[in-house]
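Asker: Protein chains in written order, with the numbering used here: chain A, 101 to 465; chain B, 6 to 511.
Even for Gly, the Cβ is constructed at its ideal location relative to N, Cα and C.
Computed from a prediction, not measured in an experiment: that's the story for all the values here.
I'd like to ask some things about the structure below.
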Amino acid sequence: MSTQSLATQPIASPHAHGGNSVTRTMFRVQLALAPATLYGFWLFGWPSFFLWLLTILSCLGFEALSLKLMGSARIKVTLWDGSALLTGWLLAMTLPPWAPWWVAIIGGFIAIVIGKQVFGGVGQNVFNPAMVARVALLVSFPVPLTQWVAPLPVTSLAAPDFIHGLQIFLGNQATPDAMASASLLGYTKTELSRGIDLLHSLGGDHGALFSWAGTRAGSFGESASLLILAGGFYLLATGIITWHTPLAVLAGLAIPAAIGHAVDPTHYLSVSTHLLSGAAMLGAFFIATDYVTSPNTGAGQIVFGLGIGLLTWIIRTWGGYPEGMAFAVLLMNALTPVIDRFVKPRILGRDRKGKPLDIPESKGA
Amino acid sequence: MGFMNLFKTVLRGNWGVHPADHKRPAADQPIRSLPLPPRLHLMLSQHVGAAARPVVLVGQKVKKGEVIAAAQGNISAPLHAPTSGIITAIGEITAPHASGLPGMAISLDCDGEDQWIDLDVPADPYAVSPAEIAQRVAAAGIVGLGGATFPSAVKLNLGRRSSIDTLLINGSECEPYLSCDDRLMRDRANEIVSGIRLMLIATGAGLAKVGIEDNKPEAIAAMREAAARFGEVQIVPVPARYPMGSDRQLIVELTGREVPSDARAADVGVIVHNVGTAFTVHDAVCRGRPLVSRLMTLNGAASAMPGNYLVPFGTLVSDLIAFTGGLKGEVAKYVMGGPMMGTVLPHARVPVVKGTSGILLLDAAEAAAMEPENCIRCGSCVKACPMGLLPLEMSARIRNDDLDGAVDLGLADCIACGCCAYVCPSHIPLVQYFYHAKGDLSARQRATLRTESTKKLAQSRQERLEREAREKAEAAARRRAEREAAAAAKAAADAAAKAEPLGETA
């Protein structure tokens with residue numbers, strides 16, 4: 101078969117285009133992330149801003165380097181499509197806000213080079229690059245990846261100023277002990293392992309309500325569930341994503357959580373705690389909805405999302421890590437080609453198996 | 006009904022797209038006639054099926070409506086002179102096709118008198134027998150004017166043979182830029198309804214449903230008024246959504262029936278004709294006039310006078326442009342048909358044919374081609390596809406030369422509507438991929454057929470040789486047996502002869 105006619109300037113219809121582009125799509129996702137991110141800067145101060153900035157720059161840098169090494173003629177265009185920027189942004193959303201600079205650099209390398217470019221670049225990767233980096237970092241450097249800080253709004257006196265923030269970011273200043281804190285999921289897991297059940301460990305001020313305002317320890321993606329949710333609704337409204345994946349992820353997490361909590365509230369966290377903690381919202385609306393690594397039909401996305409939600413709940417409840425969203429996403433990413441193979445839309449005039457419909461008896465000649 | 010629609014939406018999704026329609030101001034201009042150009046060029050092949058066969062000679066004088074090329078075979082259509090004049094050439098000219106390849110055409114120099122032949126008009130057209138209506142439609146050279154250009158009479162006869170209960174009339178005109186059907190329905194509603202009634206008689210269907218997109222309120226009102234006296238003709242507004250005018254989609258929308266993918270519309274008891282076709286059926290049966298001109302849209306940012314024009318077939322696009330005030334700026338792309346499914350023209354010196362619903366003169370901004378990027382698997386194409394296909398998966402297989410994989414995914418069901426490429430954020434020319442693959446597929450099928458027929462020939466030769474050898478051997482054996490039998494008989498006779506004297510002596 102000659103591919104010549106594929107390579108030449110297209111002459112086939114249509115001679116009109118709806119105007120959508122990769123850049124526009126990525127820009128809208130970034131716009132949806134902006135409120136939660138800005139709120140995160142306010143909560144966690146300058147170090148979090150430096151981390152966010154360097155993670156993105158690292159991703160862009162490694163993207164440019166990979167393209168150059170592969171001899172791409174479209175380096176500038178590809179950087180401009182916003183996909184590497186978005187990967188860096190999403191990765192930063194999942195990191196502890198005061199993580200040191202080298203986490204950003206290594207994270208960018210893993211996400212872009214190992215997670216994406218070795219597969220052939222944008223659209224070709226099997227796994228979500230940001231989640232690959234998140235998991236690799238967590239497994240390789242568990243200490244800095246689990247050091248959470250209590251929120252300390254920029255306006256408060258104790259918050260580090262620009263210079264101090266930079267020093268913290270560069271690792272010259274240890275995180276003050278007074279600020280070190282644990283995320284809710286990590287805290288309850290530790291307490292449970294010490295034999296203290298949830299009713300006792302959550303007796304204090306660790307209620308889920310705090311998460312709506314975000315003033316509790318965690319990553320950006322955890323701290324501002326409400327703003328993440330708002331961003332998610334923006335994506336739904338603009339048609340960037342459909343309801344299938346987010347609803348399925350949240351349902352896959354909420355249904356087992358509800359059953360567990362009803363059976364034994366001392367050992368199973370409540371639905372609201374599950375939905376508002378960790379990366380649940382970010383995962384449901386921004387991570388699991390990644391086009392490249394999720395199924396391409398609505399029905400497939402429901403299967404995919406339910407799998408993520410369920411796996412997240414299982415890992416959170418019985419796994420070794422307090423949070424399981426990243427693992428769950430990667431596991432379901434691996435299943436995406438299988439889901440796509442089995443869940444296909446019905447072709448008009450054919451049945452689900454692809455056989456032509458029967459010609460009605462009474463009408464046939 | 007509302008619940009059913011919601012149910013259908015959930016079940017089938019929101020197929021199709023809503024392109025900016027660009028129909029106005031052209032749609033609001035009254036119908037205008039184009040003056041006769043000095044010369045017309047009539048393509049012999051401007052319909053589905055076998056090309057017409059010229060029945061005139063160079064230098065011959067013809068009148069308007071005279072047959073200049075006859076239909077050949079079962080699926081074909083005759084051509085008539087669009088005006089009176091002299092045949093000046095029968096030869097090749099550039100065909101209105103993206104390839105720019107030549108095709109056979111009859112050239113006619115117009116004498117300016119526009120003199121009709123004697124027209125045969127039946128006394129009561131609605132009393133004419135179904136077979137005769139189809140025969141008159143065939144003789145008038147009528148083909149599907151929605152763009153498919155399938156000979157209409159063949160479809161009418163098919164309807165009579167295969168128990169059609171509903172005749173669907175396509176007035177959806179879902180392609181952006183085009184408004185000729187809209188204009189025709191607004192200004193010639195009575196003639197269209199008359200044509201529909203004739204087609205009802207010809208097909209034997211009891212009911213006609215006219216589907217008109219709800220973005221044409223004037224057309225719906227005009228058609229409702231014209232059809233008010235005829236209960237068998239229903240006007241049904243349908244949602245404006247591309248490609249509503251595609252027959253399988255329109256059949257689902259108007260009747261709820263789904264045509265099996267290997268069957269025809271007639272197999273589920275319906276048949277679809279375009280409003281333009283209905284109009285010409287009226288013209289052919291009630292006025293005896295063959296199809297010699299059509300209403301078509303001239304549009305695009307580079308056209309000086311966008312609007313709907315009554316154009317004789319064979320008019321060059323360049324003449325059309327000259328008659329309508331020339332160009333406004335520079336044309337980046339000439340398109341015949343609508344922007345979603347139309348054909349690029351190599352240049353403006355190609356003639357208007359029966360299937361020309363519009364000529365678009367697109368400027369640089371409208372024709373801007375974006376550089377394709379990698380597929381990001383966003384699934385926009387899956388949501389847009391009105392057939393329920395997976396364009397992204399099919400194109401990925403075609404890129405990898407996996408034609409069988411693409412066929413398994415339903416390549417043959419693709420109607421090339423262009424929705425996928427229209428919504429693709431990566432600007433991948435998906436339809437081009439599918440045309441390419443379909444071309445390869447038919448080439449492969451042809452090659453397979455050829456191989457098979459060669460094999461069959463070789464096999465039958467082998468069989469023939471074996472049979473001949475066998476027959477030869479049998480004949481030889483038979484002859485030997487005869488010889489032996491004769492020899493034996495002779496020997497016996499000899500023995501008897503020898504024995505006789507002995508016996509006598511005994």
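Given W121 of chain B, which residues of its chain have a CB within under 6 Å of its CB, disregarding the five upstream and five downstream residues?
Answerer: Taking the second sequence and counting its residues from 1, one reaches residue 121 of chain B at position 116. So the list reads K69, G70, once near-sequence residues are dropped.
Asker: Flag this pair as touching only if the stretch 337-350 of chain B and the stretch 175-190 of chain B have three or more C-beta atom pairs under 8 Å; answer yes or no.
Answerer: Flag = yes, the stretch 337-350 of chain B and the stretch 175-190 of chain B touch.
Asker: Measure from the C-beta of A116 of chain A to each C-beta in chain B and report whether the shortest distance is under 9 Å.
Answerer: Position 16 of the first sequence holds residue 116 of chain A. It does: the Cβ of A116 of chain A has a partner Cβ on chain B nearer than 9 Å.
Asker: I'd like to know whether the C-beta atoms of A380 of chain A and R316 of chain A end up nearer to each other than 9 Å.
Answerer: Here residue 380 of chain A corresponds to residue number 280 of the first sequence, with the count starting at 1. Here residue 316 of chain A corresponds to residue number 216 of the first sequence, with the count starting at 1. No; because the gap between Cβ atoms is not below 9 Å, this pair is not in contact.
Asker: So what does DSSP say about E97 of chain B, is it helix, strand or coil?
Answerer: Along the second sequence, read from residue 1 onward, the residue named residue 97 of chain B stands at position 92. If DSSP states are grouped into helix, strand and coil, E97 of chain B belongs with the strands.
Asker: Assess, as a yes-or-no matter, whether the stretch 228-237 of chain B is touched by the stretch 196-211 of chain B under the definition of 3 or more beta carbon pairs within less than 8 Å.
Answerer: Verdict: yes, contact present.
Asker: Since A204 of chain A contacts L154 of chain A with CB under 8 Å, what's their CB separation in whole angstroms?
Answerer: Here residue 204 of chain A is taken as the residue at index 104 of the first sequence, counted from 1. Here residue 154 of chain A is taken as the residue at index 54 of the first sequence, counted from 1. Sure, about 4 Å apart at Cβ, within 8 Å.
Asker: Please confirm whether G215 of chain A and A230 of chain A have their CB atoms less than 9 Å apart.
Answerer: Position 115 of the first sequence, counting from 1, holds the residue named residue 215 of chain A. Position 130 of the first sequence, counting from 1, holds the residue named residue 230 of chain A. Closer than 9 Å, so yes.
Asker: Let me know the alpha helix (DSSP H) ranges lying completely inside the stretch 247-312 of chain B, each 4 residues or longer, listed in chain order.
Answerer: Counting whole runs of 4 or more residues, the stretch 247-312 of chain B contains the alpha helix (DSSP H) stretches 252-260, 280-291.
Asker: With 9 Å as the C-beta to C-beta threshold (strictly closer), list the residues of the stretch 369-383 of chain B near chain A in chain order.
Answerer: Listed in sequence order: E371, A372, A373, A374, M375, E376, P377, E378, N379, C380, I381, R382, C383.
Asker: Run down chain A in chain order and give the residues with a C-beta less than 8 Å from the C-beta of D418 of chain B.
Answerer: Looking up residue 418 of chain B in the second sequence gives position 413. Per Cβ cutoff of 8 Å: I447, L448, G449, R450.
Asker: Closest Cβ-Cβ distance between S183 of chain A and chain B: below 9 Å?
Answerer: As a position in the first sequence, residue 183 of chain A is number 83, starting the count at 1. Cβ-Cβ to chain B under 9 Å: yes for S183 of chain A.
Asker: Could you please tell me which residues of the stretch 249-283 of chain B, in chain order, have their CB closer than 7 Å to any CB of chain E?
Answerer: No chain E appears in this structure, whose protein chains are A and B.
Asker: In angstroms, rounded to a whole number, what distance separates the CA positions of Q512 of chain B and D272 of chain B?
Answerer: Since the displayed chain B opens at 6 and closes at 511, residue 512 of chain B lies outside it and no answer follows.
Asker: Among B:K461, B:L416, B:P430, whose alpha-carbon lies nearest the alpha-carbon of G444 of chain B?
Answerer: As a first step, residue 444 of chain B is located in the second sequence; it is residue number 439 there, counting from the start. Comparing Cα-Cα distances from G444 of chain B to each of B:K461, B:L416, B:P430, the minimum goes to B:L416.
Asker: So with Cβ pairs under 9 Å, would you call L266 of chain A a contact of chain B?
Answerer: Counting from one through the first sequence, the residue named residue 266 of chain A turns up at place 166. Chain B contact via Cβ: absent.
Asker: Specify the secondary structure class of Q5 of chain B as computed by DSSP and reduced to three states.
Answerer: Chain B is shown only over 6 to 511; residue 5 of chain B falls outside these bounds and no answer can be derived.
Asker: Once you ignore the five residues that flank K503 of chain B on each side, which residues in its own chain have a CB closer than 6 Å to its CB?
Answerer: Translated into positions along the second sequence, residue 503 of chain B becomes position 498. So no residue of the chain qualifies.
Asker: In terms of residues, what are the limits of the alpha helix (DSSP H) holding I415 of chain A?
Answerer: One-based indexing of the first sequence puts residue 415 of chain A at position 315. Taken as a continuous stretch (DSSP letters only), the alpha helix (DSSP H) holding I415 of chain A covers 398-418.
Asker: So is C185 of chain B in contact with chain A if we call contact Cβ pairs under 9 Å?
Answerer: Locating residue 185 of chain B in the second sequence gives position 180, where the first residue counts as 1. Not one chain A Cβ lies under 9 Å of C185 of chain B.
Asker: Is it right to say W248 of chain A is buried, meaning 16 or more other beta carbons lie within 10 angstroms of its own, or is it exposed?
Answerer: The residue labelled residue 248 of chain A in the question sits at position 148 within the first sequence. Counting Cβ neighbours within 10 Å, W248 of chain A comes out buried, since at least 16 surround it.
Asker: Please report how far the alpha carbon of D390 of chain A lies from the alpha carbon of N228 of chain A, in whole angstroms.
Answerer: Position 290 of the first sequence, counted from the first residue, corresponds to residue 390 of chain A. Position 128 of the first sequence, counted from the first residue, corresponds to residue 228 of chain A. Approximately 7 Å, taken between the alpha carbons.
Asker: Are there 16 or more other CB atoms within 10 angstroms of the CB of Y131 of chain B, so buried, or fewer, so exposed?
Answerer: Taking the first residue of the second sequence as 1, we reach residue 131 of chain B at position 126. It counts as exposed.
Asker: Work out the CA separation of L446 of chain B and L408 of chain B for me, nearest whole Å.
Answerer: Within the second sequence, the letter at position 403 stands for residue 408 of chain B. Within the second sequence, the letter at position 441 stands for residue 446 of chain B. If you take the alpha carbons of L408 of chain B and L446 of chain B, they lie about 7 Å apart.
Asker: Can you give the beta carbon distance from L62 of chain B to I92 of chain B, rounded, assuming they're within the 8 Å contact cut?
Answerer: Numbered from 1 along the second sequence, position 57 holds the residue referred to as residue 62 of chain B. Numbered from 1 along the second sequence, position 87 holds the residue referred to as residue 92 of chain B. The pair is a contact, with the Cβ atoms about 7 Å apart (cut-off 8 Å).
Asker: Give the straight-line distance between the Cα atoms of A301 of chain B and A268 of chain B, rounded to the nearest whole angstrom.
Answerer: For this step, residue 301 of chain B is matched to residue 296 along the second sequence. For this step, residue 268 of chain B is matched to residue 263 along the second sequence. The sequence given here places Met at residue 301 of chain B; Ala does not occur at that position. Their Cα atoms are separated by approximately 31 Å.
Asker: Can you say whether L376 of chain A is buried or exposed, counting buried as having 16 or more other CB atoms within 10 angstroms of its CB?
Answerer: Taking the first sequence and counting its residues from 1, one reaches residue 376 of chain A at position 276. Looking at its Cβ environment, which holds 16 or more other Cβ atoms inside 10 Å, L376 of chain A is buried.
Asker: Rounded to a whole number of angstroms, what is the C-alpha to C-alpha distance between G393 of chain B and N279 of chain B?
Answerer: As a first step, residue 393 of chain B is located in the second sequence; it is residue number 388 there, counting from the start. As a first step, residue 279 of chain B is located in the second sequence; it is residue number 274 there, counting from the start. Cα-Cα distance, rounded: 25 Å.
Asker: Out of curiosity, what's the CA-to-CA distance linking G265 of chain A and A173 of chain A?
Answerer: For the purposes of this step, residue 265 of chain A is identified with residue 165 of the first sequence, where counting begins at 1. For the purposes of this step, residue 173 of chain A is identified with residue 73 of the first sequence, where counting begins at 1. Distance between the alpha carbons of G265 of chain A and A173 of chain A is about 39 Å.
Asker: Name the two residues that bound the continuous beta strand (DSSP E) containing Y538 of chain B.
Answerer: No answer is possible for residue 538 of chain B: the residues shown for chain B start at 6 and end at 511.
Asker: Since G347 of chain B meets chain A, which of its residues come closer than 7 Å, beta carbon to beta carbon?
Answerer: Numbered from 1 along the second sequence, position 342 holds the residue referred to as residue 347 of chain B. Result: S113, H115.
Asker: Under a three-way DSSP split, which group does W180 of chain A fall into?
Answerer: Taking the first sequence and counting its residues from 1, one reaches residue 180 of chain A at position 80. If DSSP states are grouped into helix, strand and coil, W180 of chain A belongs with the helices.
Asker: Using a Cβ-Cβ cut-off of 9 Å, state whether I459 of chain A counts as contacting chain B.
Answerer: As a first step, residue 459 of chain A must be located in the first sequence, where it is residue number 359. Yes, because at least one Cβ of chain B sits closer than 9 Å to the Cβ of I459 of chain A.
Asker: Less than 6 Å between C-beta atoms, sequence neighbours within five positions excluded: which residues of the same chain meet that for A231 of chain B?
Answerer: Taking the first residue of the second sequence as position 1, residue 231 of chain B is located at position 226. Excluding positions up to five away in sequence, the list reads A194, N195, V198.
Asker: Going along the chain, which residues of its own chain have a beta-carbon closer than 7 Å to the beta-carbon of A428 of chain A, five neighbours each way excluded?
Answerer: Taking the first sequence and counting its residues from 1, the one referred to as residue 428 of chain A is at position 328. Around A428 of chain A: I408, L411, T412, I415.
Asker: Can you tell me the Cβ-Cβ gap for V222 of chain A and T178 of chain A, rounded? I've got them flagged as a contact below 8 Å.
Answerer: For the purposes of this step, residue 222 of chain A is identified with residue 122 of the first sequence, where counting begins at 1. For the purposes of this step, residue 178 of chain A is identified with residue 78 of the first sequence, where counting begins at 1. Sure, about 7 Å apart at Cβ, within 8 Å.
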